[in-house]
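**Q**
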Amino acid sequence: MTTQPARPERSGPGTASAMDVSPFKPSLVKAVFRDVTSMHVSRSAAWAAASVTRTVLTEIIDGARRAAAAEARKKLIPRDLLSAIDRNVELEVGTKWYDHSPTFQGLTGVLYDAEGVIVPSRKRSRSRKPSAVVGAHRFEAGVKKLLRSQGATAVPAMVRDLDGIASVFLTDLARDAAMVVREGGVKRFGTVTPVISGEPAPPPFLKDSHQALSTRRGDGRTIGRDDILAATTIQLFGGNLRQRALTEAREATQDTSAG
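Following this line, the structure appears as structure tokens:
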């Protein structure tokens with residue numbers, strides 16, 4: 012009797028896609044969206060949002076790894092995160108987390124009121140209402156899985172910062188996607204193309220893609236894949252990271268409908 016080879020498990024849409032090993036599951040993505048909007052989130056939208064978040068975190072980890080390697084270290088520390096963001100303006104995402112994390116103290120500056128008195132840092136909210144900061148712990152398992160897939164290890168403080176950035180970024184992505192649905196497209200669209208010292212300038216964003224994402228089709232109650240792509244163009248600068256995030260999200264959802 013011949014034994015049939017076992018079929019590889021599929022964890023989501025697409026074949027041989029990077030999303031087959033996505034550290035951020037659609038169920039987690041939808042939980043974040045529920046904190047932001049009552050709109051329905053399509054299956055393809057959840058996979059697209061997970062893909063974009065994975066792409067952004069992977070780029071941040073890669074930048075931090077290079078900073079650590081420059082100091083002959085393998086384990087990532089918060090200083091590597093700051094170095095990565097310092098070297099690449101595209102990685103400055105999830106900025107609401109910066110006020111909450113000790114890593115970024117001093118980076119955001121000291122705030123003064125009208126009388127010239129220092130405004131104390133905001134204390135952690137005790138509100139029962141879910142927020143990106145309160146819910147950041149939900150991303151710990153995914154962040155650790157992503158670090159392992161990149162052959163990296165990190166101290167707990169670094170993992171916590173990556174948790175927070177992922178949570179805030181995905182929450183902001185959800186808000187922008189909901190706005191795209193409400194407004195029928197991207198009404199306040201702008202493109203900034205950062206040029207990183209020592210690297211070639213990225214190719215210009217295609218006008219056809221630009222136009223496709225600025226005009227929305229579909230009902231006003233469901234967030235679809237293209238709404239996530241449009242929100243991505245709002246959240247990310249018009250450089251290599253944005254183009255890669257859009258490309259990988261499209262590939263991750265190629266076997267699903269856009270709605």
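According to my numbering, the sequence shown is numbered sequentially starting from 12.
Built from N, CA and C at the ideal position, the CB exists for glycine as well.
To the nearest angstrom, how far is the alpha carbon of Asp-271 from that of Pro-89?
**A** Nothing can be reported for residue 271, as the shown portion of the chain is limited to 12 through 270.
**Q** CA-CA distance, Asp-183 and Glu-82?
**A** Roughly 34 Å separates the two Cα atoms.
**Q** Under DSSP, the alpha helix (DSSP H) around Leu-102 begins and ends at which residues?
**A** Unbroken run through Leu-102: none, as it is neither H nor E.
**Q** Apart from the five residues on each side of it in sequence, which residues of its chain come closer than 7 Å, Cβ to Cβ, to Asp-187?
**A** Result list for Asp-187: Ala-242, Ile-245, Gln-246, in chain order.
**Q** Grab me the residues of Glu-70's own chain with a C-beta within less than 7 Å of its C-beta, minus the 5 sequence neighbours each way, in chain order.
**A** So the list reads Leu-102, Leu-252, once near-sequence residues are dropped.
**Q** Looking only at C-alpha atoms, which of Val-145, Gln-265, Val-52 sits nearest to Gly-231?
**A** It is Val-52 whose Cα lies nearest to the Cα of Gly-231.
**Q** Just reading off the alpha helix (DSSP H) that Lys-41 is part of, what are its end residues?
**A** 37-47 is the extent of the alpha helix (DSSP H) around Lys-41.
**Q** Suppose you measure from the CA of Arg-77 to the CA of Gly-250; what does that come to, to the nearest Å?
**A** The alpha-carbon atoms of Arg-77 and Gly-250 are separated by roughly 20 Å.
**Q** Going by beta-carbon coordinates alone, are Ala-62 and Ala-263 separated by less than 8 Å?
**A** For the record, residue 62 in the displayed sequence is Ser; it is not Ala. It is a contact, given that the beta carbons lie within the stated cut-off.
**Q** Out of Gln-265, Gly-195, Arg-255, which has the shortest C-alpha to C-alpha gap to Thr-233?
**A** The residue with the shortest Cα to Cα distance from Thr-233 is Gly-195.
**Q** Are Gly-74 and Ile-176 close, meaning C-beta to C-beta below 8 Å?
**A** No, these two residues do not count as a Cβ contact at 8 Å.
**Q** Which term fits Thr-64, buried or exposed, when burial requires 16 or more other beta carbons within 10 angstroms of its beta carbon?
**A** Classification of Thr-64: buried, given that the 10 Å Cβ count is 16 or more.
**Q** Return the CA-CA distance between Asp-91 and Val-47, expressed in angstroms with no decimal places.
**A** If you take the alpha carbons of Asp-91 and Val-47, they lie about 31 Å apart.
**Q** Any idea if Val-166 is buried or exposed, counting beta-carbon neighbours within 10 angstroms, 16 or more meaning buried?
**A** By the 10 Å Cβ count, Val-166 comes out exposed.
**Q** Per DSSP, what kind of secondary structure is Ile-88 in: helix, strand or coil?
**A** Correct three-state label for Ile-88: coil.
**Q** With distance defined between alpha-carbon atoms, name the residue in Ser-38, Leu-157, Leu-87, Arg-193 nearest to Thr-66.
**A** Among Ser-38, Leu-157, Leu-87, Arg-193, the Cα nearest to that of Thr-66 belongs to Leu-157.
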